[in-house]
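Going down the list, the protein sequences come from chains L and C.
The working numbering puts the first sequence at residues 1 to 274.
The working numbering puts the second sequence at residues 275 to 456.
What follows is one structure encoded as structure tokens, with my remarks underneath.
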Amino acid sequence: MRDGEMAGDRPPIVALGLGRQRTGKTTLLNTMVQYFRGLGNPLRVWNADQQNRSHTISLFFRDAEDVPGGGIEDAKVWIEARLEDLIRHRYDAVLDVGGGATGFSRLVQEVPLLEAVEANSVRVVGLFCVGPERADLDYLEQFAEVDQFMPASSVIVLNAGLVLSGRTAIGAFGSVIEHPVVKRASSRGACVALMPALTCMPQVTDRGLTFEEAMNGVAPEGGEPLSLFDRARVNRWWSRDVPEFFGKLPHEWLPFPRTAGRVGAAESSVEGIV
Amino acid sequence: MLRSIARGEDRSPLFWWMVDHHDEIVANAGKRIRWKGVCAQAAARGLTDAKGNPPSERTARATWRKARLAVAAARSAEAAKSPARPGSIYPSRIPKDWKPEPFRKLGPAGSGTAVALCAPALPVAPASAESGVPATPPAHRTPRFLGSPDDPPEVQEMWANLEDQFDKEDRWAGGLPVKRRR
Numbered sequence: 001m002r003d004g005e006m007a008g009d010r011p012p013i014v015a016l017g018l019g020r021q022r023t024g025k026t027t028l029l030n031t032m033v034q035y036f037r038g039l040g041n042p043l044r045v046w047n048a049d050q051q052n053r054s055h056t057i058s059l060f061f062r063d064a065e066d067v068p069g070g071g072i073e074d075a076k077v078w079i080e081a082r083l084e085d086l087i088r089h090r091y092d093a094v095l096d097v098g099g100g101a102t103g104f105s106r107l108v109q110e111v112p113l114l115e116a117v118e119a120n121s122v123r124v125v126g127l128f129c130v131g132p133e134r135a136d137l138d139y140l141e142q143f144a145e146v147d148q149f150m151p152a153s154s155v156i157v158l159n160a161g162l163v164l165s166g167r168t169a170i171g172a173f174g175s176v177i178e179h180p181v182v183k184r185a186s187s188r189g190a191c192v193a194l195m196p197a198l199t200c201m202p203q204v205t206d207r208g209l210t211f212e213e214a215m216n217g218v219a220p221e222g223g224e225p226l227s228l229f230d231r232a233r234v235n236r237w238w239s240r241d242v243p244e245f246f247g248k249l250p251h252e253w254l255p256f257p258r259t260a261g262r263v264g265a266a267e268s269s270v271e272g273i274v
Numbered sequence: 275m276l277r278s279i280a281r282g283e284d285r286s287p288l289f290w291w292m293v294d295h296h297d298e299i300v301a302n303a304g305k306r307i308r309w310k311g312v313c314a315q316a317a318a319r320g321l322t323d324a325k326g327n328p329p330s331e332r333t334a335r336a337t338w339r340k341a342r343l344a345v346a347a348a349r350s351a352e353a354a355k356s357p358a359r360p361g362s363i364y365p366s367r368i369p370k371d372w373k374p375e376p377f378r379k380l381g382p383a384g385s386g387t388a389v390a391l392c393a394p395a396l397p398v399a400p401a402s403a404e405s406g407v408p409a410t411p412p413a414h415r416t417p418r419f420l421g422s423p424d425d426p427p428e429v430q431e432m433w434a435n436l437e438d439q440f441d442k443e444d445r446w447a448g449g450l451p452v453k454r455r456r
């Protein structure tokens, strides 16, 4: 425990969205931030995704902090500064590192990042987003086995929203689950979880709405609200599927508000949102 | 159901035997499968791995994982198919004692054998009076088709959780078209 932290407090959490492009990192982090802010944790949002302009986490949160400049080196220096700030001021944050070669991957190759951050009593949570394609595991393989970046708190998030029409999720993800890199990760303590699909996700995100606004029929400026059935879909997903998804993950890996009790307070807060 | 698992040449005789006897193996194995015994039996029956060799313990374990996954995927796909159209059976052909599915377990009125029609949406663990948190931690569950029986209990619990998530996702998808999206 560090100076300034209260007894019984948990360490700060930095959750990293990792994975190749178009595997749902931004969607997962967007969901996570909305969910845990709704529970009362004002966690910070860091956007280091330099390749995505039309669908970045900054579109959903006005207070998101973006990497200045467009170079990999800019991103690397910026992430380093953000992490130092988090270590010093002890808050929670999510970081969207973007896909492909990024400032984050450069940083991981240069310094033993994980050890450096965790040595300062900060929990690093790796959220490895994968779809049903074998190539979606390349990023996990690179980070976990080549760069040796595999936080003790790692979740392999199987994104059910990427399952092709007509396939079952278990059939689509069968080869991914059976892959040795997933087996090795799970044997080292990584959690494998299925992120539930929301079939009308683009209708929500293209409008720039929060999930709560979408299900309550809020219309974006100059636009239309969601259709009645899509509102019902968002309602079910947001009020039932998302809490169940986070509820299956280890509690201590998640940025629950520090004042909330372990079970009861979190659940009552969830009910307050929906 | 088994026909829906693609019968390719890359599958070994041992795999197909395990698929064909899936439920039997699950029922008899308990929590732990004795792979040495399985290999001896497989060799005696002439069941080989994909290379035509008698299976080693490691191969048998890996084959069993694949067989469980294949059976789970096939069953899930089958369950997701649309049910028969209501009214597709003439009323005259319906047995007189037919009852809708949720009511079948009900006994005659007043017999005292009625059961709950449906389970609560979320399992409710008993809570201790003071803390409000579950009084006893839930027991670790054994996954049906993911992971390995040799996994530690917490890993088995994680796989069992994932199986629940797959069940739920595939049940709600209901075979309706789901476009690829982020």
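Note that the Cβ used here is the ideal one computed from N, Cα and C, for glycine as well.
These numbers were taken from a predicted model, which means no experiment stands behind them.
Distance, residue j Cα to residue i Cα
| i | j | result |
| --- | --- | --- |
| C/S286 | L/I177 | 20 Å |
| L/P42 | C/R306 | 46 Å |
| L/R258 | L/R10 | 7 Å |
| C/V389 | L/A193 | Low per-residue confidence applies at C/V389: pLDDT is 34, beneath 50, and the placement is therefore not dependable, though the value from the model is reported in the following sentence. So the alpha carbons of these two residues sit roughly 33 Å apart. |
| L/A169 | L/A190 | 20 Å |
| C/M292 | C/S330 | 15 Å |
| L/F143 | L/D241 | 29 Å |
| C/R319 | C/N327 | 12 Å |
| L/K248 | L/G100 | 29 Å |
| L/Q148 | L/F36 | 29 Å |
| C/R349 | L/L95 | 39 Å |
| L/R53 | L/G126 | 23 Å |
| C/T333 | L/R167 | 28 Å |
| L/V122 | L/R106 | 21 Å |
| L/P250 | L/A15 | 13 Å |
| L/P180 | C/E437 | 19 Å |
| C/Q315 | C/Q439 | 35 Å |
| L/A93 | L/I13 | 6 Å |
| C/G421 | C/D297 | 17 Å |
| L/Y91 | L/N235 | 30 Å |
| C/L391 | L/E244 | Unreliable placement is indicated for C/L391, whose pLDDT of 33 sits below 50; the coordinate value is still reported in the next sentence. For C/L391 and L/E244, the distance between alpha carbons rounds to 23 Å. |
| L/V218 | C/A324 | 57 Å |
| L/W253 | L/G69 | 31 Å |
Reduced DSSP category for residue i - H, G, I as helix; E, B as strand; rest coil
| i | result |
| --- | --- |
| L/L158 | strand |
| C/I299 | helix |
| L/F128 | strand |
| L/V192 | strand |
| L/G71 | coil |
| L/I13 | strand |
| L/V97 | coil |
| L/N47 | strand |
| L/S153 | strand |
| L/D138 | helix |
| L/S66 | Here residue 66 of chain L is Asp; the residue named in the question, Ser, does not match the sequence. DSSP places L/D66 in strand when its eight states are reduced to three. |
| L/L275 | The structure shown does not extend to residue 275 of chain L, since chain L is modelled only from 1 to 274, so the question has no answer here. |
| L/F256 | coil |
| L/L107 | helix |
Residue i: contacting residues in chain L (beta-carbon distance under 8 Å)
| i | result |
| --- | --- |
| C/D444 | T168, A169, I170 |
| C/L343 | I170, G174, I177, E178 |
beta-carbon residue i near the ligand FMN non-hydrogen atom, thresh 7 Å
| i | result |
| --- | --- |
| L/S239 | Summarising the ligand content, the structure contains no ligands, and the ligand FMN is consequently not present. |
Contact list for residue i against chain C, beta-carbon separation under 7 Å
| i | result |
| --- | --- |
| L/A160 | E443 |
| L/G99 | Per Cβ cutoff of 7 Å: no residues; L/G99 is ~11 Å from chain C at best. |
Close-in-space but distant-in-sequence residues of the same chain around residue i (CB under 7 Å, 5 per side omitted)
| i | result |
| --- | --- |
| L/S186 | V192 |
| L/P132 | L162, V163, A172, F173, V176 |
| C/R335 | W309, S422 |
| L/L86 | P12, V14, A93, V122 |
| L/L59 | G208 |
Close beta carbons around residue i, own chain, < 6 Å, minus the five adjacent residues each side
| i | result |
| --- | --- |
| C/P427 | H414 |
| C/E404 | Note that C/E404 scores a pLDDT of 49, beneath 50, so its modelled location is shaky; the value from the coordinates is reported in the next line. Around C/E404: no qualifying Cβ. |
| L/E65 | W46 |
| L/E212 | none |
| L/T210 | Q34 |
Amino acids of chain C, ordered along the chain, whose beta-carbon sits closer than 9 Å to that of residue i
| i | result |
| --- | --- |
| L/I133 | Here residue 133 of chain L is Glu; the residue named in the question, Ile, does not match the sequence. Near L/E133 there are no residues of chain C at all, since even the closest Cβ is about 10 Å away, more than 9 Å. |
| L/S227 | Residues of chain C passing the Cβ test: none, with the nearest at roughly 16 Å. |
| L/S186 | G421, D425, V429, M432, W433 |
| L/G17 | Those do not exist, as L/G17 stays about 12 Å from chain C at its closest Cβ, beyond 9 Å. |
Contact list for residue i against chain L, beta-carbon separation under 7 Å
| i | result |
| --- | --- |
| C/A351 | T168, G171 |
| C/F440 | A169, I170, L194 |
| C/L420 | I177 |
| C/L436 | V192, A193, L194 |
Sequence-distant residues of the same chain with beta carbon closer than 8 Å to residue i, five excluded per side
| i | result |
| --- | --- |
| L/G24 | C129, G131, V157, N159, G161, L162, M195 |
| C/K340 | F289 |
| L/P220 | R207, G208, L209 |
| L/N216 | R231 |
Listed by chain order, chain L residues near residue i by CB distance under 9 Å
| i | result |
| --- | --- |
| C/M292 | Simply none; closest approach about 15 Å. |
Tell me which residues of the segment 188-201 of chain L have at least one Cβ-Cβ distance to chain C shorter than 7 Å, keeping chain order. C191, V192, A193, L194, P196, A197, T199, M201
Beta carbons nearer than 7 Å to chain L: which residues of the segment 314-328 of chain C have them? none
Please list, in chain order, the residues of the segment 48-67 of chain L that have any C-beta partner in chain C closer than 8 Å. H55
Of all the residues that make up the segment 229-256 of chain L, which are near chain C by a beta-carbon distance shorter than 7 Å? K248
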